[in-house]
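Note sheet for the following structure.
There are 2 protein chains.
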Amino acid sequence: MQKVKIALLGLGNVGKGVWKILNMNKDEILKRSGYDIEISKILVRDINKERNLEVPKELFTTNFEEIIEDDSIEILVEVMGGVEPAIDYMLQGMRRKKHIVTANKMAIATNAEILFKTSREEGVMFHYEGSVGGGIPIIHGLNDNLVANKIEEVIGIINGTTNYILTKMTHEKISFREALAEAQNKGYAEADPTSDVEAFDAVYKLCILSSLAFDTVVNVNSIYREGITNIKPIDIEYAREFGYVIKLLGIIKEVNGELELRVHPTMIPAEHPLANVNDSFNAIFLKGNAVGDLMLYGRGAGELPTGSAVVGDIVSILRNKDKFAYHTYLENDQYREVRDMEKVQCEYYIRITVKDKPGVLGEISSIFGENNVSILSVIQKGKREEQVSLVFITHSTVEQNINNSINMISALEDSEKIENVIRIENLATN
Amino acid sequence: MQKVKIALLGLGNVGKGVWKILNMNKDEILKRSGYDIEISKILVRDINKERNLEVPKELFTTNFEEIIEDDSIEILVEVMGGVEPAIDYMLQGMRRKKHIVTANKMAIATNAEILFKTSREEGVMFHYEGSVGGGIPIIHGLNDNLVANKIEEVIGIINGTTNYILTKMTHEKISFREALAEAQNKGYAEADPTSDVEAFDAVYKLCILSSLAFDTVVNVNSIYREGITNIKPIDIEYAREFGYVIKLLGIIKEVNGELELRVHPTMIPAEHPLANVNDSFNAIFLKGNAVGDLMLYGRGAGELPTGSAVVGDIVSILRNKDKFAYHTYLENDQYREVRDMEKVQCEYYIRITVKDKPGVLGEISSIFGENNVSILSVIQKGKREEQVSLVFITHSTVEQNINNSINMISALEDSEKIENVIRIENLATN
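Next up, the structure:
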């Protein structure tokens, strides 16, 4: 049995999970890694903060120098989150030949190039399984198990908070605000829920997945992003009538050699496996040209699930650190452009409030026709005063045609409001 | 770019998949592994057999000596199946310092000890991702990604043929025979379907999974096995009425320190993720004490999906072969006993044909009571001539009590036939 010293940078949710797992599963981890893992330092901002965790005070430090200067520490576990100083600390660590484990999606999505380049140059390992999908082994899946495949498509429910909210809205027919409040009560959503509900979190994760699936680097700002704040119970109800469920999906496809990357609420067939991924669960569905359809499902967040991924990465380093040579496969340093959203091809759900006057349906239908948008279904329902709700489901068309149609419809005198436009992915069900 | 030579032992379904993938994804595999992989020999029984595959004839050999004696061949890919000579060839290969990849569940389930021991002694890598769940990365998942967990439970749909048959029986209300015939037509079931429908195949796979989940070795013959040939449409219909779906499950649990291993048709709640795994898909659902619930879903068989796993293993060897040291975690050489089935605790569905006479229900109910079996629901339906069908759902009880009850009921003069006893797992749904 050998000993190894590691340091935690941060002791928030994930850091606590790592601490707990290393304690509760000590024997298993020792047996499986061959190492007795000692957390010898923990970087925190406030040593005296109440943490509900029995950690000897002498492990805490507020001074990163104490950690970086300690050559007996072989692995840095960065679980502080955010971009800086996390990036700076990881890079400093690599330059001091420390291996790095992180669960920091924001840091990787925004700084993948320098992190990979530095770890390659310094010959240290850099693992980040916890950054996407919590305990779901999707990063290693793409990096290792599925290397024999050309990945054709990745479709993921990669944000647990929004999935919880949409599940509540669907099952209990409550509003977004009510469901958000419940999520906040349960600790699934933060006081400021912007990062989740506006899909910034999902975009970071999709950025990481796309780079793995297509051996590339993607500028995170080029990914289309649309949150769930505009989803109304009535949209969910219409979706149900048409046989769909609304999920916030991250979508990666290669179309005509171009990379399509987008995160937005999406209607998918109610029988598709992703449609039954409920509450705060995450799932990543992918198609490989050899493996076919594959789905990984599990807890996408939480201290223990994400801790499971982080500790898995630590063990992976321990198993390899004495014989590590840099893998070819991490050299994803070629940037790829993301396909323009106007080229994206979908079916669309469009809900419009119009004045209840003769000829309105005709006017709108003509506009769709002029823009080559062919209509699959129309529903007119829910009369109230002088307004009426029109719902269209289109045949598959490019987004540009939809945008042009919407612009023209908005300009109509009889059109009160474009209430919602939701993309539909008619995923094949088996 | 380096070159590496490998040999295929066998060119059946999986072998063809490996050949195809190495050709169709050559560039990706080269980039991700750093190696140009050359299949330099293929062991077959009949060189002139029609294979519908463009393979240069000069690669074929019927003589294993040609392969084992060729020191330029670094990896043997054993895809011939069966126990012998597969085991012999793999062991010979290891002794000649060749790394081994196999998809042979039967060989591993029956000979794990000698295979692991020899690969350890010879310092070669031994990978077998394709042996369970086709392209689903469950072996590496348990071996690598989930090492931070104590695995508490593994429940899997690990045989695609029986899942196809049960799905057809459920959705189309057809008999086992009819569904089997369809499966045979589609190539999902073999002419002699025994290995699948009597659950031998699933038992081999469960044996492998249990050894990984619990760092142990299990005697494959000690695993309880029950196939699906006795499942009738009426059982599926009753299951539906009670909110269940019938699946052939492989179940691994640790109960009071004992290992519970069993493969049998099982009723599970219709809302559980496993209940929606249809057709020939496989899925493995597990609980870890850190990761929580996790499910991996995909194609459990087929030349390309299983080939995906095999080629993934080949790449894994290529990435590590110049710096490989034997992992601690493979040393699962401690045998563990399997828990006696009589101790297993479940709820039970019991369907009995009885004579339609007064007092029969009372007699049978009394027998259950005497044996401490408490009844949750009873349905009496489907009168026909002088017989009547009684269906009981019990509260949770040990299997011994059920067996004792069944024996006593069988001996009753008014009981015509115990038609079926199906275990119920009330898996939590989220």
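Protein sequence lines, in the order shown, are assigned to chains A and B. For the first sequence, numbering that gives the first Met the number 0 assigns the number 0 to the initial residue and increments by one for each residue that follows. For the second sequence, numbering that gives the first Met the number 0 assigns the number 0 to the initial residue and increments by one for each residue that follows. We put the CB at the ideal spot given by N, CA and C, even for glycine.
Partners in chain A for residue i, counting only beta-carbon separations shorter than 9 Å
{"i": "B:His438", "result": "Nothing about residue 438 of chain B can be reported from this structure: the residues present for chain B run from 0 to 429 only."}
{"i": "B:Leu211", "result": "Ordered by position in chain A, no residue passes the 9 Å Cβ test against B:Leu211, which lies about 11 Å from the chain."}
Residue-chain proximity (residue i, chain B), Cβ-Cβ < 8 Å
{"i": "A:Leu208", "result": "no"}
{"i": "A:Met124", "result": "no"}
{"i": "A:His326", "result": "Residue confidence for A:His326 is low, a pLDDT of 48 falling below 50, so the modelled location carries little weight and cannot support an answer."}
{"i": "A:Ile154", "result": "no"}
{"i": "A:Ser194", "result": "no"}
{"i": "A:Ile157", "result": "no"}
{"i": "A:Ser307", "result": "yes"}
{"i": "A:Leu293", "result": "yes"}
{"i": "A:Leu10", "result": "no"}
{"i": "A:Lys15", "result": "no"}
From the options, residue whose alpha carbon lies closest to that of residue i
{"i": "B:Ser388", "options": "B:Ser365, B:Glu418, B:Ser404, B:Ser409", "result": "B:Glu418"}
{"i": "A:Gln91", "options": "A:Asn103, A:Gly80, A:Lys104, A:Ile74", "result": "A:Ile74"}
{"i": "B:Asn288", "options": "A:Arg298, A:Leu303, A:Gly14", "result": "A:Leu303"}
{"i": "B:Ala398", "options": "B:Met294, B:Ile156, B:Glu346, B:Gly361", "result": "Note that residue 398 of chain B is Glu in the sequence shown here, rather than Ala. Checked all of B:Met294, B:Ile156, B:Glu346, B:Gly361; the closest Cα to B:Glu398 is B:Glu346."}
{"i": "A:Tyr88", "options": "A:Ala108, A:Phe63, A:Lys116", "result": "A:Phe63"}
{"i": "A:Pro264", "options": "A:Gly226, A:Ile374, A:Ala282", "result": "A:Gly226"}
{"i": "A:Glu270", "options": "A:Asn148, A:Leu8, A:Asp292, A:Leu426", "result": "A:Leu426"}
{"i": "A:Gly132", "options": "B:Arg422, B:Val290, B:Arg350, B:Asp214", "result": "B:Val290"}
{"i": "B:Arg95", "options": "B:Glu112, B:Val76, B:Asp69", "result": "B:Asp69"}
{"i": "A:Thr428", "options": "A:Glu65, A:His394, A:Phe284", "result": "A:Phe284"}
{"i": "B:Ile233", "options": "B:Ser414, B:Arg224, B:Val244", "result": "B:Val244"}
{"i": "B:Glu385", "options": "B:Gly361, B:Ala410, B:Lys354", "result": "B:Lys354"}
{"i": "A:Val196", "options": "A:Lys231, A:Thr160, A:Gly186", "result": "A:Thr160"}
{"i": "B:Ile67", "options": "B:Glu53, B:Lys40, B:Lys56", "result": "B:Lys40"}
{"i": "A:Ile99", "options": "A:Ser315, A:Arg50, A:Val372", "result": "A:Ser315"}
{"i": "B:Gly14", "options": "B:Ala198, B:Gly129, B:Lys4", "result": "B:Gly129"}
{"i": "A:Ile421", "options": "A:Lys320, A:Asn370, A:Val262", "result": "A:Val262"}
{"i": "B:Asn144", "options": "A:Asp143, A:Leu141, A:Asn144, A:Pro136", "result": "A:Pro136"}
Beta-ladder partner(s) of residue i, from DSSP
{"i": "A:Phe391", "result": "A:Ile349, A:Val377"}
{"i": "B:Phe125", "result": "B:Ile99"}
{"i": "B:Leu179", "result": "DSSP lists no partner for B:Leu179."}
{"i": "A:Leu7", "result": "A:Ile41, A:Val76"}
{"i": "B:Met266", "result": "B:Ile245, B:Ile423"}
{"i": "B:Leu260", "result": "B:Ile251"}
{"i": "B:Asp191", "result": "Its beta-bridge partners do not exist; DSSP assigns none."}
{"i": "A:Phe284", "result": "A:Ile154, A:Met294"}
Min CB distance residue i to chain A below 8 Å
{"i": "B:Gln298", "result": "In the sequence under discussion, the amino acid at residue 298 of chain B is Arg, which differs from the Gln named in the question. It does: the Cβ of B:Arg298 has a partner Cβ on chain A nearer than 8 Å."}
{"i": "B:Asn162", "result": "no"}
{"i": "B:Asn24", "result": "yes"}
{"i": "B:Leu90", "result": "no"}
{"i": "B:Lys30", "result": "yes"}
{"i": "B:Asn288", "result": "yes"}
Cross-chain neighbours of residue i in chain B, by beta carbon under 8 Å
{"i": "A:Gly311", "result": "Asp143, Asn144, Leu145, Val146, Ala147"}
{"i": "A:Met168", "result": "Per Cβ cutoff of 8 Å: no residues; A:Met168 is ~16 Å from chain B at best."}
{"i": "A:Ser130", "result": "The premise fails here: A:Ser130 is roughly 14 Å from chain B at the closest Cβ pair, so nothing lies under 8 Å."}
{"i": "A:Pro304", "result": "Ala289, Val290, Gly291"}
Within chain A, the residues that residue i reaches when beta carbons sit closer than 8 Å
{"i": "B:Asp35", "result": "Within chain A, no residue comes near B:Asp35; the closest Cβ sits about 12 Å away, beyond 8 Å."}
{"i": "B:Leu426", "result": "None at all; the shortest Cβ gap to chain A is about 14 Å."}
{"i": "B:Leu52", "result": "Within chain A, no residue comes near B:Leu52; the closest Cβ sits about 15 Å away, beyond 8 Å."}
Contacts that residue i makes with chain B (C-beta to C-beta distance below 7 Å)
{"i": "A:Glu502", "result": "The requested residue 502 of chain A is not part of the displayed model; chain A covers only 0 to 429."}
{"i": "A:Glu181", "result": "What A:Glu181 touches in chain B: nothing, since even the nearest Cβ is about 15 Å away."}
{"i": "A:Glu27", "result": "Lys149"}
{"i": "A:Asp214", "result": "Lys30"}
{"i": "A:Leu7", "result": "In chain order: nothing, as chain B lies at least about 15 Å away."}
Cross-chain neighbours of residue i in chain B, by beta carbon under 9 Å
{"i": "A:Asn275", "result": "Glu270, Pro272, Asn275"}
Closer than 7 Å at the beta carbon, the chain A residues around residue i
{"i": "B:Val314", "result": "Val146, Ala147"}
{"i": "B:Ile20", "result": "Ala147, Ala289"}
Short CB-CB distance (under 8 Å) between residue i and chain D
{"i": "A:Leu248", "result": "Absent from the structure is chain D; the protein chains it does hold are A and B."}
Problem - Inter-stretch contact at 8 Å, needing at least 3 Cβ pairs: the region 235 to 244 of chain B / the region 116 to 126 of chain B - result: Output reads no: the region 116 to 126 of chain B does not touch the region 235 to 244 of chain B.
Practice task
Decide yes or no for the touch test of the region 367 to 383 of chain A against the region 300 to 318 of chain A: beta carbon pairs closer than 8 Å, at least 3 of them.
Solution key: Look at the beta carbons and you see the region 367 to 383 of chain A not touching the region 300 to 318 of chain A: under three pairs across the two are nearer than 8 Å.
Practice task
Evaluate the contact criterion for the region 172 to 190 of chain A versus the region 213 to 224 of chain A: three or more CB pairs, one atom per stretch, below 8 Å.
Solution key: Per the Cβ contact rule, the region 172 to 190 of chain A is not in contact with the region 213 to 224 of chain A (fewer than 3 Cβ pairs under 8 Å).
Practice task
Evaluate contact between the region 334 to 354 of chain B and the region 248 to 259 of chain B, counting only Cβ atoms and requiring at least three cross-stretch pairs below 8 Å.
Solution key: Because the criterion of three Cβ pairs below 8 Å is met, the region 334 to 354 of chain B and the region 248 to 259 of chain B touch.
Exercise for the section: Would you be able to state if there are at least three C-beta pairs under 8 Å between the region 272 to 280 of chain B and the region 2 to 21 of chain A? Expected result: Fewer than three Cβ pairs drawn from the region 2 to 21 of chain A and the region 272 to 280 of chain B lie within less than 8 Å of each other, which leaves the two stretches out of contact.
Exercise for the section: Would you check if the region 103 to 121 of chain B and the region 140 to 153 of chain B touch, i.e. whether three or more CB-CB distances between them fall below 8 Å? Expected result: Cβ pair count under 8 Å is below three, so no.
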